[in-house]
Amino acid sequence: MKINLRDFREYIIYLVLWLLLFMAPLASMYMRTMNHSYIAFDWIEIFDIWKMYLVYLVIFLVHNFLIAPLFIYQRKKLLYFTTVLFLLASFFIYQVYSRPDRGEMRPKGPRPPEFVQEVKKQNPDEVLFDGPVPSKLQKDSALKGNTHELCQSKKKAYPTWEKEGRRKFQHRPGGWFDPPLLIGQLDVISVFILILLFGMNLGVKLYFKSQNDYKQMQLLEKQNLSQQLEYLKYQINPHFFMNTLNNIHALVDLDSEKAKTTIVELSKMMRYLLYDGNRAFVPVQSEIRFLKNYITLMKLRFTDKVKIKVEIPDEIPDKGIPPLMLITFVENSFKHGVSYQQESIINVEMHFTGNRFSFFCENSKHQESTERPGGVGLANVRKRLDLIYGKDYSLDINDGEDIYTVKLDIPLHKTISI
Numbered sequence: 047m048k049i050n051l052r053d054f055r056e057y058i059i060y061l062v063l064w065l066l067l068f069m070a071p072l073a074s075m076y077m078r079t080m081n082h083s084y085i086a087f088d089w090i091e092i093f094d095i096w097k098m099y100l101v102y103l104v105i106f107l108v109h110n111f112l113i114a115p116l117f118i119y120q121r122k123k124l125l126y127f128t129t130v131l132f133l134l135a136s137f138f139i140y141q142v143y144s145r146p147d148r149g150e151m152r153p154k155g156p157r158p159p160e161f162v163q164e165v166k167k168q169n170p171d172e173v174l175f176d177g178p179v180p181s182k183l184q185k186d187s188a189l190k191g192n193t194h195e196l197c198q199s200k201k202k203a204y205p206t207w208e209k210e211g212r213r214k215f216q217h218r219p220g221g222w223f224d225p226p227l228l229i230g231q232l233d234v235i236s237v238f239i240l241i242l243l244f245g246m247n248l249g250v251k252l253y254f255k256s257q258n259d260y261k262q263m264q265l266l267e268k269q270n271l272s273q274q275l276e277y278l279k280y281q282i283n284p285h286f287f288m289n290t291l292n293n294i295h296a297l298v299d300l301d302s303e304k305a306k307t308t309i310v311e312l313s314k315m316m317r318y319l320l321y322d323g324n325r326a327f328v329p330v331q332s333e334i335r336f337l338k339n340y341i342t343l344m345k346l347r348f349t350d351k352v353k354i355k356v357e358i359p360d361e362i363p364d365k366g367i368p369p370l371m372l373i374t375f376v377e378n379s380f381k382h383g384v385s386y387q388q389e390s391i392i393n394v395e396m397h398f399t400g401n402r403f404s405f406f407c408e409n410s411k412h413q414e415s416t417e418r419p420g421g422v423g424l425a426n427v428r429k430r431l432d433l434i435y436g437k438d439y440s441l442d443i444n445d446g447e448d449i450y451t452v453k454l455d456i457p458l459h460k461t462i463s464i
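Its first residue numbered 47, the sequence shown is counted upward by one per residue in this note's numbering.
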C-alpha cells in the first residue's frame, strides 16, 4: 500500500502520542521512587498498565483504519456511529469481566519501617493493621458499629490490599485519598477515555483531510485560471492582429514605403506574440518594447494632427507583468481617440513606485469615434486582472465628455530577466 505524505505525517503524530502515553508510567514510577525511599521500582505494575494501554491501542488501530474512514471519506455516518456503539459496548463488557477480584487481594507482609514512620508522623493516632484481609461479613459488621479487631483505635486501620505474589505500598484510603465517583464502578471512566481517543483520531483525520481538500481546490482553481487566461489571450491576439492588418491595408494605398516599414514592425510584434504572449509574466522591458513598436506603427499611419506623447522612465526594473496587458488600452486610444478632421491627442505615461507599476493613458474624444461599436479588448483585460490579481489592483476608467482616461495600478511580479 502506497503511503502519501499526508498519511505519513498523520501516522507520525499517532506514533509520537502513543510513545508519550507508554512512557508516562515509567516517568511516574521514577518520580515515585525518587520522592519516597520505601517505594521500589515495580516493573509488574508498569507491565499491567502497558497491558491496559495495549487494549486501547488495538481498539484505536481498528477505529483508525476500519471505522473512521466510514465517517471521514465515505460519509456513512449511521454505519459509523452504529459500529462505534458496538465497539464501546464490547469494550465495556470486556472491562467488567476482566476486572480483578477484590476478594483475592490481601496484604503482603509487614510494612517497611520508613512507611510506618511517615504514617505515624502524619497521624499519631493511626494504628496500622498487618493482619489478614477482613471478610465482607467482618467489614459489614464493623460498619454497623460492632467491635472488631479491625478497629484498634479511634480511627479505623486500613490494610494495604494486594494481589498474591506482589508487594505494593499505597496511600491510606479515606479523606482526600478516596477514589472519585464512578472510578471502579462499571469502568465508565475507561469507556470515556476510549471516546476521547476516537474524538482525537477523528480530529486529526479531519485536519489532514481539510488540508488536502484545500490543496486540491487550489490546484483546480489554478488550472481553471490557466484555462481562462489562455482563452482570453486567444481572443486578444486575433483581435489585435486584425486591427493591425487593417492599418497596413490603409498604408498600402497611401505610402508603399511606409507599408514596408509597417510590415517590419509588425513582424517584431508578431514574434513577441508567438514567443512571449503565452507566458504568465513577461519582463516589463519586453512589454514596453512591444508597446513602442505598436506606437511607431500607428505614427506611420496618422498625420501631424494626432499629437502622440509617450513618457517612460529611463530606469525600468527587472520585474514582470502579464503580457499584452497594456496594448489593449493604447490600441483603444488610437481606435476611438483619433479624428481625421480634428486635432487629436494621445498621452501614455508609466511610473514605477517600489513594487508597484502605474500606467496612465488618455485620448481625446470625437463624435464620430463615440459612435463606433466597441470590442472585447477592455472586457478581457478586466477579466484577466481579476483572475491574476484578485483585489490587489486598481483600474479606473473615466469616460468624460471630451477626454477618455485610463489609470491602472498593479503589483510587479518577482524579478524576471530578459
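Note that beta-carbon positions come from the ideal geometry of N, C-alpha and C, so glycine has one too.
On a predicted model such as this, the values are computed, not experimentally measured, just so you know.
Top-ranked residue by Cα proximity to residue i, from the options
i                 : options                        : result
valine 130        : Asn289, Glu408, Val108, Gln141 : Val108
tyrosine 76       : Arg430, Leu133, Asp299, Trp89  : Trp89
isoleucine 113    : Val104, Glu303, Tyr126, Gln120 : Tyr126
phenylalanine 398 : Ile373, Glu357, Ser385         : Glu357
aspartate 364     : Tyr140, Val237, Leu424, Phe403 : Phe403
tyrosine 99       : Met288, His459, Leu240, Asn401 : Leu240
valine 328        : His459, Asn393, Lys97          : His459
aspartate 442     : Ile434, Gln387, Val427         : Val427
leucine 454       : Tyr386, Pro368, Leu319         : Pro368
C-alpha gap between residue i and residue j, whole angstroms
i                 : j              : result
isoleucine 85     : isoleucine 92  : 14 angstroms
lysine 353        : asparagine 292 : 21 angstroms
tyrosine 102      : alanine 135    : 14 angstroms
methionine 69     : methionine 246 : 19 angstroms
threonine 128     : leucine 65     : 30 angstroms
tyrosine 465      : alanine 326    : This structure does not reach residue 465, given that the chain is present from 47 up to 464, and the question cannot be answered.
leucine 61        : leucine 72     : 17 angstroms
glycine 220       : lysine 122     : No answer about glycine 220 holds up, because its pLDDT of 45 lies below 50 and its placement is not dependable.
isoleucine 59     : aspartate 438  : 38 angstroms
histidine 412     : methionine 263 : 48 angstroms
phenylalanine 132 : isoleucine 95  : 25 angstroms
lysine 355        : glutamate 377  : 14 angstroms
valine 384        : aspartate 448  : 12 angstroms
lysine 338        : isoleucine 391 : 17 angstroms
lysine 345        : leucine 265    : 45 angstroms
threonine 308     : leucine 343    : 6 angstroms
leucine 433       : proline 115    : 36 angstroms
valine 452        : alanine 425    : 13 angstroms
arginine 335      : glutamate 267  : 32 angstroms
glycine 400       : glutamine 257  : 35 angstroms
Three-state secondary structure (DSSP) of residue i
i              : result
valine 384     : coil
glycine 249    : helix
methionine 396 : strand
isoleucine 362 : coil
arginine 121   : coil
histidine 459  : strand
glutamate 56   : helix
isoleucine 241 : helix
aspartate 94   : helix
leucine 63     : helix
isoleucine 85  : coil
aspartate 445  : strand
arginine 325   : coil
leucine 424    : helix
lysine 411     : coil
glycine 149    : At glycine 149, the pLDDT of 46 sits below 50, so the modelled position is not reliable; the number obtained from the coordinates is stated separately. Looking at glycine 149 - three-state DSSP - the assignment turns out to be helix.
threonine 451  : strand
Residue environment, residue i, which counts as buried when at least 16 other CB atoms sit within 10 Å
i                 : result
glycine 366       : buried
proline 359       : exposed
glycine 249       : exposed
valine 330        : buried
tyrosine 321      : exposed
glycine 446       : exposed
valine 310        : exposed
arginine 430      : buried
tyrosine 340      : buried
valine 104        : exposed
asparagine 409    : buried
histidine 382     : buried
phenylalanine 106 : buried
phenylalanine 111 : exposed
tyrosine 450      : buried
phenylalanine 117 : buried
lysine 182        : A caution first: lysine 182 carries a pLDDT of 48, below 50, which makes its placement in the model unreliable, though a value can still be read off. Per the 10 Å Cβ criterion, exposed.
Contact belief for residue i with residue j at Cβ below 8 angstroms, rounded distance in angstroms
i                 : j                 : result
cysteine 486      : phenylalanine 375 : The structure shown does not extend to residue 486, since the chain is modelled only from 47 through 464, so no value can be given for it.
glutamate 56      : phenylalanine 254 : 5 angstroms
glycine 323       : leucine 370       : 6 angstroms
glutamine 120     : serine 236        : So it is not a contact: roughly 29 angstroms between Cβ atoms.
phenylalanine 405 : leucine 372       : 6 angstroms
glutamate 389     : lysine 351        : 5 angstroms
aspartate 297     : lysine 304        : Before going on, a small fix: residue 297 reads as leucine here, not aspartate. Rounded, the Cβ-Cβ distance is 5 angstroms, consistent with contact.
Any non-hydrogen atom of the ligand MG closer than 8 angstroms to residue i Cβ
i           : result
glycine 383 : Of ligands this structure carries none, so the ligand MG is not represented either.
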